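To start, the structure itself, in structure tokens.
2 protein chains.
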Amino acid sequence: MDPMISPLAVDLPELAPLAGVRLGAIAAGIRYRNRTDLVMLELAAGTTAAGVFTTNRCPGAPVDWCRAALSGGRARAVVVNAGNANVFTGRAGAAACAATAAAAAKLVACPAKQVFVASTGVIGETLAVDRLTAALPALHAGLRADGWEAAARGIMTTDTFPKAATRTARIGGVEVRITGIAKGSGMIAPDMATMLCFIATDAKIPAPALDAALRKGVAGSFNLTTVDSDTSTSDTVLLFATGQARHPVVPASGGPVLREFAAALHDLLLDLALQVVRDGEGASKLVRIDVAGATSPRSAKRIAMAVANSPLVKTAIAGEDANWGRIVMAVGKAGEPADRDKLSVAVGGVWMARDGGVVPGYDETPVVAHMKGREIHIEIDIGLGRGRATAWTCDLTHRYIDINGSYRS
Amino acid sequence: MDPMISPLAVDLPELAPLAGVRLGAIAAGIRYRNRTDLVMLELAAGTTAAGVFTTNRCPGAPVDWCRAALSGGRARAVVVNAGNANVFTGRAGAAACAATAAAAAKLVACPAKQVFVASTGVIGETLAVDRLTAALPALHAGLRADGWEAAARGIMTTDTFPKAATRTARIGGVEVRITGIAKGSGMIAPDMATMLCFIATDAKIPAPALDAALRKGVAGSFNLTTVDSDTSTSDTVLLFATGQARHPVVPASGGPVLREFAAALHDLLLDLALQVVRDGEGASKLVRIDVAGATSPRSAKRIAMAVANSPLVKTAIAGEDANWGRIVMAVGKAGEPADRDKLSVAVGGVWMARDGGVVPGYDETPVVAHMKGREIHIEIDIGLGRGRATAWTCDLTHRYIDINGSYRS
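From first to last, the protein sequence lines are chains A and B.
Just so you know, we're using the numbering used here here: the first sequence kicks off at 1 and counts up by one.
Just so you know, we're using the numbering used here here: the second sequence kicks off at 410 and counts up by one.
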């Protein structure tokens, strides 16, 4: 295997065309040489949109632009560049977003506010927006219904493999398709930890219902994952419904008719989120942390994330050490209700600590074998209530230091 | 220099005897071979005590013991062992604390509740308390007024240098002395990140006033430092006032008579706290982060700690990269009020980013030189208010992974 590709990489799935979406990529020379770095999606007239963005208080200019554009609930195009995040770029950053949207709007013949823009790459450098707008006409002329793989590759920065997922669901008995691409958590060049995700469905779903389904899905997928606890300035998940499928009308409030769609969307989001964790900088192991017995689901999530973000837990996993003492420490530092003497911890299905102490004579052999694998499973029972949550992360290895400790240039 | 000693190490200061304190160390064979691992302090009758402990919700049995013992406000002895943290050890852990205190109380002729105990080392293993109590009589017989260095060395686990500090201050015109020792953040064997600190003064200060001075001092020192964001189960700072100095009476409420004492105590605590950061696992650089212009001091502290705990900032510093984009990211993820377009960042005194954008043509030469040094200075102006705070951390290096990724045994 190419040593530069994550050992946790998964293959790209078959990506069939999705009615109402044409897309593609081009090499615009924004930062990289000899590779595509500019991606465009054109969406059918009537497409509705929903989005979820970074909670970082210093967001990039494209995040500002998308938040404002979403107020209309409609989308006709998306333009994404890789190599420059257009973050901390002042007025020039906002102007670059407006110029990009205007250029794409002219090609698609729509209002600029129906164009969504996203950028990923270095922070604090002015985006070469002229190169971007100069490349747009050729990119637009080459858009294709089968351009999903090209788009998945074109948004990569330091990712080691392209990320995509596709699902089907029925709405009122009619099958619809959902397809998404994502990038995130790559390696080698720093400052590129941005997570971007673009999803489209041929379903016809009003923007409020689409928004509700997306928020719930992201809460149960991307927001339960972490690579290194550092929240990017540019995280963006956008979902577009092209309305090409012929299913019964979906009300603005969504409701039971969307139940299967929401489940498929959640499944797709989780698939993409775990692909991002699998490509976490330096990752050699994918780690799942199940917390039960917390006083509430919210408390369980906080405990799970405290364990997932603990450098001492993550380095122990990199060292293939089932170090339950560090897991106990991380549970305790979460600040959530916990009683040391009711706490139990299992690794690889073996309960090593129960009710506040080590389990005398537990069999370490299967635990040692589990720790040598690629997928690590930690279970924690707080012993106080019925709150449950799951978080996913990767281990913390030398490669993380290599990737992020090298000088930018 | 010995490659196993932190490049940021400082020399042990001269440690004069302090009236009312005798102390020493012995090799009790609790975990280590051929080195001291059991320390005792005997304190004069009438000594008052104050303590601050870990916020971890899964504290060790010795922390439980000390919290209960502090309710009396009096202390006659302290017993500390290195090598075993006595954490997550159930009823046996509590019994070990009681047995240790009883054995020391017998030697000193005091109530067991005037004996404080502390432990540091591996989590989840039963403490060999019989070896500890067996070694106590010989340890007690050898206590000396000049045993400070022996005690500073005896509490080390994976520390690479012993840590101590001493100060003088006047109370009502009479000079008093404050001397403290600390351990923390060592290397090589994992599970030993515990921070312990023991301080004594010959001043005569009522327990409530002592407690107030200690809490304020710890808030401005240890609680502003971080090595890896993982809060230990055993962190303990204990302060004892032996009352041997002949100064005017200090009221229980403390007040202006303690102003100089409180300042000296704060200075000593900060000295010890920075010694711990200098011995941070794998540390190659000491990092100071000054935040100004936040909406409140509390907000400034949270922003400073978010930067200090960011793996991406810390790996950049290890790579000698003045990566202000990552600093902006960390400010934004703190969740505190911040306005990207009013934010300014300086490294080594050079303002690289101001009012939301890079400073055009700033001189990178002095910044590059600064980043190659041992002490890194980051200044952040939020531009919103008058809240200030400072935090200290170290960089994140390959050695941190080496230390914590190796199997426990």
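All C-beta atoms in this analysis are idealised placements derived from N, C-alpha and C, irrespective of residue type, glycine included.
For clarity, every value in this text was computed on a predicted model and none was experimentally measured.
A residue is called buried once 16 or more other Cβ atoms fall within 10 Å of its Cβ, and B:ARG749 is buried on that count.
The alpha carbon of A:PRO251 has as its nearest neighbour, out of A:LYS204, A:THR236, A:PRO366 and A:ALA294, the alpha carbon of A:LYS204. Nearest in C-alpha terms to A:PRO17, of all of A:TRP148, A:THR120 and A:GLU379, is A:TRP148.
Taking 8 Å as the CB threshold, A:GLY387 stays off the interface with chain B. A direct Cα-Cα distance of roughly 20 Å separates A:ARG215 from A:VAL176.
In this structure, A:VAL63 lies near A:PHE53, with their beta-carbon atoms less than 8 Å apart. Taking C-beta separations shorter than 8 Å and ignoring five residues to either side along the sequence, the partners of A:SER296 in its chain run GLY385 and GLY387, following chain order. Under the three-state reduction of DSSP, B:MET413 is assigned to coil, being neither helix nor strand. Judged by their CB atoms, B:ALA573 and B:LEU424 are nearer to each other than the 8 Å cut-off. At least 8 Å separates the CB of B:HIS779 from every CB of chain A. Residue burial is scored here from C-beta neighbours: A:ARG31 has at least 16 other C-beta atoms within 10 angstroms and is therefore classed as buried. At the C-beta level, B:ALA628 and B:LEU605 stay beyond 8 Å of one another. With respect to the 8 Å criterion, B:GLY469 and A:ALA353 are not classified as neighbours on the basis of their beta carbons.
Among the residues facing chain A, B:ASP750 is included, as its CB has a counterpart in that chain under 8 Å away.
Annotation for A:PHE261: the continuous alpha helix (DSSP H) segment containing it runs 259-278. In summary, B:ASN718 is buried, with 16 or more beta-carbon neighbours lying within 10 Å of its beta-carbon over all protein chains present. B:CYS606: not part of any alpha helix (DSSP H); member of the beta strand (DSSP E) spanning 605-610, first to last residue.
Judged by DSSP secondary structure, A:SER299 falls within the alpha helix (DSSP H) whose first and last residues are 297-308. Taking 8 Å as the upper bound for CB-CB distance, A:HIS266 and A:GLY217 are in contact here, some 4 Å apart. Boundaries of the beta strand (DSSP E) harbouring A:MET40: 38-43, taken from the DSSP string. Boundaries for A:ASP290: no alpha helix (DSSP H) harbours it, while the beta strand (DSSP E) harbouring it runs 286-294, taken from the DSSP string. Under the three-state reduction of DSSP output, B:THR542 falls in the helix class. Contact holds between the region 520-531 of chain B and the region 475-495 of chain B, because three or more Cβ pairs, one in each stretch, are under 8 Å apart.
Between B:SER415 and B:ARG687, the gap from beta carbon to beta carbon is short of 8 Å.
Per the C-alpha coordinates, the member of B:THR464, B:ASP637, B:ALA510 and B:ASN495 positioned closest to B:VAL685 is B:ASP637. The secondary-structure analysis by DSSP pairs A:GLY180 across a beta bridge with A:ALA165 and A:ILE199. Around A:GLY90, the beta-carbon contacts reaching into chain B at under 8 Å are ASP750, ASP764, GLY765 and GLY766.
In chain order, ALA713, VAL716, ALA717, ILE787 and ALA800 place their CB closer than 6 Å to the CB of B:ILE698, counting only its own chain and leaving out the 5 sequence neighbours on each side. Residues of the region 447-467 of chain B that bring their beta carbon within less than 9 Å of a beta carbon in chain A comprise THR463, THR464, ASN465, ARG466 and CYS467, in sequence order. Between B:ALA739 and B:LEU667 the beta-carbon gap is near 37 Å, outside 8 Å, which marks them as no contact.
Collapsing the DSSP output to three states places B:GLY492 in a strand. Counting along the chain, the unbroken alpha helix (DSSP H) around A:GLY217 starts and ends at 207-219. The C-beta distance from A:ILE401 to B:ALA727 rounds to 7 Å, short enough to meet the 8 Å contact threshold. With respect to B:LEU541, B:ALA437 sits close: the two C-beta atoms are nearer than 8 Å.
The contact set of A:ASP228 on chain B, defined by CB atoms closer than 8 Å, consists of PRO720 and LEU721 in chain order. Between B:ALA725 and chain A, the shortest Cβ-Cβ separation is below 8 Å.
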